[in-house]
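Presented below is the structure to which this report refers.
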Amino acid sequence: MDYKSYFPYFKYNPDEIYFESAATSLKLEQVIKAEAEYNEKIAANTHNDLFDNAYKANVILDTTRKMTAKFIGAKNHNEVIFTSGATHSLNQICFGLKTYLKKDDEVVLTILEHSSNLLPWKVLEEEIGIKIKYLDLNDNGSIDLNKIDNTINKKTKIVSFASVSNTVGASNDVQSIANAIKNINNDIIIVVDIAQSVLHTRTNVEEWNVDFVAFSSHKMFGPFGLGILWGKKEKLDILKPLIYGGGNNVNITLTEYKLAQIPQKFEAGTLNLSAIYGFLEALKFIDKISIEKIQEYEEGLKRYLVDELSKIDVSKFEFYNLKNPQPIVLFNMIGVSSQDFGAFLNKKYKISVRVGKHCARLSHLKTGALTTIRASFSIYNTRNDIDIFIKALLDCENWVNELI
């Protein structure tokens with residue numbers, strides 16, 4: 001099926017090969033139209049429903065919250081919180097648990113975490129003296145289930161990790177990892193950054209037995225500026241809001257205040273309602289195709305790339321994750337900076353890739369490369385895109401001439 005036709009981006013960039021989906025996905029036509037429609041025709045806030053469009057706004061918010069809950073396998077839609085992005089969601093979790101933590105409490109991460117799931121904990125390390133430890137990884141970058149008890153002990157309060165790495169694309173068996181952690185200590189809070197997996201593999205927070213997840217709309221064909229935080233109610237009850245203001249309180253007097261119940265407790269101010277309306281359309285589209293078909297298509301592209309690479313001389317390149325099925329390819333041209341070769345790919349072949357550290361600043365400890373090139377696929381990519389990518393790799397010796 002030609003999924004490209006659903007994405008207006010290609011009307012304006014018909015020759016571009018967009019291999020940047022791990023950073024942000026392209027936007028569906030119906031998503032773009034929904035955002036415009038909200039601003040043009042509804043344009044209301046949700047803090048009251050006394051007039052028609054305000055009522056419509058509340059219906060949209062409630063419908064999207066319920067569909068989001070269903071999409072991630074959550075039973076209680078009020079456990080779904082809307083934020084400005086996955087970064088906001090992860091910061092809300094981290095700093096919302098600040099009073100839950102004390103000096104020398106241990107928080108366990110991996111060295112492959114995105115800065116959004118690393119830096120907030122580093123700040124708490126500095127501010128209150130928590131200790132950060134890192135889980136052992138398998139060769140492919142996934143968490144080593146057999147060594148979890150090497151890192152987790154009675155001082156462990158929180159374990160936070162990505163379901164899929166945004167660099168090496170390693171997939172973690174979240175349910176098995178969570179069960180292993182809870183078997184050691186059922187009170188440990190488990191946080192999962194699902195930004196890189198939520199569009200590509202099925203999420204079920206209830207089956208996973210985790211306490212919080214965070215993800216963003218813009219990696220799911222949806223709008224920018226919208227994130228989602230899900231948490232178990234009993235854990236959301238101990239979480240303190242990151243932001244305070246209109247909408248997240250029920251009473252303020254000269255001497256005291258009372259916060260609203262979830263989800264409003266964490267949604268102070270005006271929500272990004274046009275983005276929420278657009279996200280609803282993205283969810284409908286994904287639901288219609290199904291996560292399973294998306295996964296099958298994308299992993300098929302990855303297999304095709306690996307097969308085509310096996311037919312050519314790739315001795316001038318180093319690939320770091322070809323065995324991982326996720327639609328992410330991390331590589332370098334040996335002896336050439338990632339910035340230079342990435343620029344060559346774009347200038348001569350109109351291939352858009354990401355270069356650098358990919359906001360995962362400890363990942364070089366796993367790959368051994370300070371910077372890398374990342375190509376990432378989605379349903380709007382084709383085998384023809386892969387063929388052009390292979391052609392570009394075969395043309396690698398000409399990178400200098402192209403950039404001079």
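Residue 300 in full-length UniProt numbering sits at position 300 of the sequence shown; the count goes up by one each step and never skips.
Glycine included, each C-beta is placed from N, C-alpha and C at the ideal position.
**Report entry** Run of the beta strand (DSSP E) containing residue 331, from where it starts to where it stops
**Finding:** The residue you call residue 331 lines up with position 331 of the sequence shown. Its beta strand (DSSP E) spans residues 328-333.
Requested in this report: Check whether the region 238-258 touches the region 291-301, taking contact to mean three or more Cβ pairs, one atom from each stretch, closer than 8 angstroms.
Outcome: No: fewer than three Cβ pairs fall under 8 angstroms.
Query - Option nearest residue 446 by Cα separation, candidates 276, 168, 253, 333 - result: For the chain, the structure presents residues 1 to 404; residue 446 sits outside this window and is missing.
**Report entry** residue 325 to residue 12 span [Cα, whole Å]
**Finding:** The count along the sequence shown starts at 1 and reaches residue 325 at position 325. The count along the sequence shown starts at 1 and reaches residue 12 at position 12. It is roughly 31 angstroms from the alpha-carbon of residue 325 to the alpha-carbon of residue 12.
Query - Simplified DSSP state of residue 367, which is helix, strand or coil - result: Start at 1 with the first residue of the sequence shown, and residue 367 comes out as number 367. In the structure shown, residue 367 sits in a helix (DSSP, three-state: H, G or I).
Requested in this report: Use the C-beta contact count for residue 344: other C-beta atoms within 10 angstroms, 16 or more gives buried, fewer gives exposed.
Outcome: The residue labelled residue 344 in the question sits at position 344 within the sequence shown. Buried, since its Cβ has 16 or more Cβ neighbours within 10 Å.
Report task. Could you check what DSSP says for residue 172 in three-state terms: helix, strand or coil? Result -> What you label residue 172 is simply residue 172 of the sequence shown in a count that begins at 1. It is coil, neither helix nor strand.
**Report entry** Identity of the residues DSSP links to residue 354 by a beta bridge
**Finding:** Within the sequence shown, residue 354 is the residue found at index 354, counting from 1. Residue 354 pairs with 374.
Query - Where residue 12 falls: helix, strand or coil (DSSP) - result: Indexing the sequence shown from 1 puts residue 12 at position 12. DSSP places residue 12 in helix when its eight states are reduced to three.
Requested in this report: Provide the residue(s) that pair with residue 198 in DSSP beta bridges, ordered along the chain.
Outcome: Translated into the one-based positions of the sequence shown, residue 198 becomes position 198. Looking at the DSSP assignment, residue 198 forms no beta bridge with any residue, so it has no partner.
Query raised in the report: Can the beta-carbon of residue 128 be found closer than 8 angstroms to that of residue 98?
Result: Sequence index remark: in the sequence shown, residue 128 carries index 128 (1-based). Sequence index remark: in the sequence shown, residue 98 carries index 98 (1-based). A contact, by the Cβ cut-off of 8 angstroms.
**Report entry** Span of the beta strand (DSSP E) around residue 221
**Finding:** One-based indexing of the sequence shown puts residue 221 at position 221. No beta strand (DSSP E) holds residue 221; DSSP gives it neither H nor E.
Report task. Using alpha carbons as the reference points, say which of 274, 85, 239 lies closest to residue 30. Result -> On the sequence shown, position 30 is the one that residue 30 refers to. Checking every option, the nearest Cα to that of residue 30 belongs to 274.
Query - Option nearest residue 4 by Cα separation, candidates 26, 22, 20 - result: Looking up residue 4 in the sequence shown gives position 4. Per the Cα distances, 26.
Query raised in the report: Rounded to the nearest angstrom, how far is the Cβ of residue 67 from that of residue 229, given a contact under 8 angstroms?
Result: Numbered from 1 along the sequence shown, position 67 holds the residue referred to as residue 67. Numbered from 1 along the sequence shown, position 229 holds the residue referred to as residue 229. Not confirmed; about 16 angstroms, so no contact.
**Report entry** Where the alpha helix (DSSP H) through residue 305 begins and ends
**Finding:** Residue 305 sits at position 305 when you count from the first residue of the sequence shown. First-last of the alpha helix (DSSP H) with residue 305: 291-309.
Report task. Give every residue of the same chain whose Cβ lies closer than 8 angstroms to the Cβ of residue 312, excluding the five residues on either side of it in the sequence, and list them in chain order. Result -> The residue you call residue 312 lines up with position 312 of the sequence shown. Answer for residue 312: 390, 393, 394, listed in chain order.
Query - Three-state secondary structure assigned by DSSP to residue 395 - result: To locate residue 395, count along the sequence shown from 1; it is residue 395. Residue 395 falls in the coil class under three-state DSSP.
**Report entry** beta strand (DSSP E) segments (min. 3 residues) lying fully within the region 82-153
**Finding:** 106-109, 131-134
Report task. Rounded to whole angstroms, what's the CA-CA distance from residue 200 to residue 293? Just pull it up for me. Result -> Here the question's residue 200 lines up with position 200 in the sequence shown. Here the question's residue 293 lines up with position 293 in the sequence shown. Distance between the alpha carbons of residue 200 and residue 293: 9 angstroms.
Query raised in the report: With a CB to CB cut of under 7 angstroms and the five nearest residues on each side skipped, what residues in its chain are close to residue 268?
Result: For this step, residue 268 is matched to residue 268 along the sequence shown. Once the five neighbours on either side are set aside, the close Cβ partners of residue 268 are 241, 243, 244, 245, 246, 247, 248.
Report task. Can you give me the start and stop residues for the alpha helix (DSSP H) that residue 207 sits inside? Result -> On the sequence shown, residue 207 is found 207 positions in, with the first residue counted as 1. Start and end: 205-208.
Report task. Would you be able to state if there are at least three C-beta pairs under 8 angstroms between the region 350-367 and the region 198-218? Result -> Not touching, per the Cβ criterion.
Requested in this report: Identify whether residue 340 lies in helix, strand or coil by the three-state DSSP scheme.
Outcome: Here residue 340 refers to the residue found at position 340 of the sequence shown. Residue 340 falls in the helix class under three-state DSSP.
Report task. Could you spell out where the alpha helix (DSSP H) holding residue 235 opens and where it closes? Result -> Within the sequence shown, the letter at position 235 stands for residue 235. 233-236 is the span of the alpha helix (DSSP H), which, as asked, contains residue 235.
Query - C-alpha gap between residue 383 and residue 346, whole angstroms - result: Counting from 1 along the sequence shown, the entry for residue 383 is found at position 383. Counting from 1 along the sequence shown, the entry for residue 346 is found at position 346. Whole-angstrom Cα-Cα distance: 18 angstroms.
Query raised in the report: If you follow the beta strand (DSSP E) that residue 191 is part of, which residue opens it and which one closes it?
Result: Residue mapping note: residue 191 aligns to position 191 of the sequence shown, counting from 1. 189-193 is the extent of the beta strand (DSSP E) around residue 191.
Requested in this report: Please name the residue in 121, 55, 50, 197 whose C-alpha comes closest to that of residue 23.
Outcome: In the sequence shown, the residue the question calls residue 23 occupies position 23. Comparing Cα positions, the closest option is 197.
**Report entry** Short Cβ contact (8 angstroms threshold) for residue 115 with residue 361
**Finding:** The sequence position of residue 115 within the sequence shown is 115, counting from 1. The sequence position of residue 361 within the sequence shown is 361, counting from 1. Contact: yes.
Requested in this report: Take residue 160 as the anchor and find which of 139, 32, 120 has the nearest alpha-carbon.
Outcome: Counting from one through the sequence shown, the residue named residue 160 turns up at place 160. Per the C-alpha coordinates, the member of 139, 32, 120 positioned closest to residue 160 is 120.
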